[in-house]
Structure formats: C-alpha cells, structure tokens
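Student:
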Amino acid sequence: LELLAFGFILNTVFRWTRKVEKRPIRTLGFYRENFLSSLLKGFGLGLALFLLTLLGLVALGQYRLESIHLNLYSLVFVVFTIPFWILQGTTEEVVARAWLLPQLASRTNLKLAILISSVLFTLLHVGNSGLTPLSLVNLFLFGVAMALYLLKTDTVWGVAGIHGAWNFAQGNLFGVLVSGQSSGTSIMKFTPQGNQDWLSGGSFGIEGSIMTSLVLLLLIVYLGYQLKKENERM
69 LELLAFGFIL NTVFRWTRKV EKRPIRTLGF YRENFLSSLL KGFGLGLALF LLTLLGLVAL
129 GQYRLESIHL NLYSLVFVVF TIPFWILQGT TEEVVARAWL LPQLASRTNL KLAILISSVL
189 FTLLHVGNSG LTPLSLVNLF LFGVAMALYL LKTDTVWGVA GIHGAWNFAQ GNLFGVLVSG
249 QSSGTSIMKF TPQGNQDWLS GGSFGIEGSI MTSLVLLLLI VYLGYQLKKE NERM
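Letter 52 of the sequence shown, counting from 1, is numbered 120 in the working numbering, and no numbers are missing.
(1) From what residue to what residue does the beta strand (DSSP E) around I136 run?
(2) Taking the beta carbon of A73 as the centre, do at least 16 other beta carbons fall within 10 Å, making it buried, or is it exposed?
(3) Drop a sphere of 10 angstroms on the beta-carbon of A215, count the other beta-carbons inside from all chains shown, and report buried for 16 or more, exposed for fewer.
(4) Alpha carbon to alpha carbon, how far is K90 from L69? Give it in angstroms, no decimals.
(5) How would you write the range of the alpha helix (DSSP H) that K109 sits in, first residue to last?
(6) Could you pull out every residue in the same chain whose Cβ sits closer than 6 angstroms to the Cβ of N235, ignoring the five residues on either side in sequence?
(7) Tell me the start and end of each unbroken alpha helix (DSSP H) in the region 151-176 that is at least 4 residues and wholly inside, in chain order.
(8) Could you tell me the distance, in whole angstroms, from the CA atom of G75 to the CA atom of T259?
(9) Among the residues of its own chain, which have a CB less than 6 angstroms from the CB of Y99, if the five just before and after it don't count?
(10) Pull up the distance between the alpha-carbon of K220 and that of P151, whole angstroms please.
(11) With distances taken between CB atoms, is the gap from W266 to L202 smaller than 7 angstroms?
(12) What three-state label does DSSP hand Q249 in the structure shown?
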C-alpha cells in the first residue's frame with residue numbers, strides 16, 4: 069500500500085509538471101546522462117553515512133549487534149526492499165527538493181528556499197512515533213544536506229540514492245527503526261543500549277541521535293564548502 073501511495077504521489081507531481089507547468093519531467097532532475105552512476109554513487113554515499121553513524125554509536129556503547137540472519141528468505145526479502153526504498157526516497161526528494169526548491173527559489177532566494185523546503189520535509193514526519201526535538205532537528209539537517217547535494221549534482225538521482233540507501237541501511241540491513249517505524253526482516257539486528265535517548269535516538273531510532281546530527285553537520289559543511297568553491301570559479 070505504501071508502494072502504491074508513493075507511486076501515486078510521484079505520478080501526480082509528474083502530471084502537474086507536464087500538464088500545468090508545461091515542461092518536461094527531466095527538468096525535475098531526471099536526466100538520462102549518467103543516471104545510473106549518479107544513483108549508485110548516491111546509494112553508496114547513503115550507506116557510508118549511516119554506517120559511519122552506527123559505528124560511532126557502537127563505539128560509544130549505545131548500540132550492539134544482537135543477531136545476524138543469513139538465510140535465503142532474509143536475503144531475498146532485503147534485496148526486494150531496495151527498489152521500494154529508492155522509490156520512497158525519490159518521491160520525498162522530488163516533492164521536497166527537486167520540485168519545491170526551484171519553485172521557492174524563483175519567488176524568494178536560494179537560502180530561504182532551502183530553509184522552507186527543509187522545514188516542510190521535517191513536517192512530513194511529525195506523525196511518526198517516538199518523535200523528539202532532536203529528531204526534528206536531524207530531519208531538518210537531512211533536508212538541508214539533500215538540498216545542497218541536489219544543487220551540487222544538478223540531478224535528482226543522487227539524492228534519491230542517498231535517501232533510499234539511508235533508510236534501507238537502517239531498516240533492512242542493520243535492523244534499527246526508520247524514523248520511529250520498524251521495517252520487518254533485516255540481515256542484522258542492532259539494538260539500543262542504556263537510557264540516554266539523546267545519544268541512542270530512543271524510540272525514534274538512530275535518526276534521533278546526536279551522532280546523526282554531527283554526521284549531517286559535517287556533510288553540510290563539506291557540501292557548502294564545495295558549492296562555494298564552484299561559485300568562486302564561475
């Protein structure tokens with residue numbers, strides 16, 4: 069049902085872009101050139117970002133490996149979820165970034181557009197269970213990071229890959245909560261330790277952890293620096 073819902077939302081944006089705005093869908097960032105390499109690069113970056121966050125929490129004693137499920141059913145199920153996570157990530161990135169960001173930037177300015185689109189992305193998750201002030205901050209930071217990555221690459225494939233890989237790694241690779249929600253079968257199962265929710269993320273999962281804040285801030289600083297260098301060369 070969620071797969072159908074995301075497909076419906078994405079199709080609605082496509083139809084609006086084509087029928088109302090009278091422009092090709094590719095102008096949303098769906099360029100054919102190097103689309104596979106951009107998607108895979110983004111997917112790899114998303115996996116690396118989450119792995120860095122998880123390893124940091126394991127080193128601090130906030131998460132531990134509880135079990136590993138290397139059976140045929142688990143492997144098939146997990147592989148099957150990858151296209152779903154990419155679709156989910158693509159849909160959210162198209163709505164909050166690829167479509168909304170240029171619309172806002174054309175009416176205000178780029179910085180304000182990034183701010184507003186990131187706030188909207190955060191609000192899309194307010195109904196999730198286990199929400200905390202820190203998890204709201206992290207959702208906002210993720211929105212800012214994805215906006216900067218979209219501006220740097222000028223294609224939606226990269227941010228779709230990052231977003232999809234981040235959620236896939238959480239839910240079906242390492243078995244932790246995805247924005248407060250369980251994703252069922254996973255290859256590994258990591259469980260939080262202790263009662264410091266600001267560090268472990270609590271019932272919202274790792275996205276509610278200060279470690280996630282630090283990793284996202286590092287990514288934002290790096291992308292901001294790269295964009296500044298590119299603008300200075302122009």
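Every residue gets a Cβ at the ideal spot worked out from N, C-alpha and C, and that includes glycine.
Fair warning: this is a prediction, and the values are worked out from it, not measured in the lab.
Tutor: Judging by the given coordinates:
(1) Looking at the DSSP string, the run of the beta strand (DSSP E) that includes I136 is 131-136.
(2) Classified as exposed, A73 has fewer than 16 neighbouring CB atoms from the shown chains inside 10 Å of its CB.
(3) Under the 10 Å beta carbon count, A215 is surrounded by 16 or more other beta carbons and is classified as buried.
(4) If I take the Cα positions, the gap works out to 30 angstroms.
(5) Looking at the DSSP string, the run of the alpha helix (DSSP H) that includes K109 is 103-127.
(6) Here the set comprises W153, V246.
(7) For secondary structure counted as the alpha helix (DSSP H) over 4 or more consecutive residues, the region 151-176 holds these complete runs in sequence order: 168-175.
(8) Taking the straight line from one Cα to the other gives about 32 angstroms.
(9) T223, listed in sequence order.
(10) The straight-line gap from Cα to Cα measures roughly 24 angstroms.
(11) Going by C-beta atoms, W266 is nearer than 7 angstroms to L202.
(12) Correct three-state label for Q249: strand.
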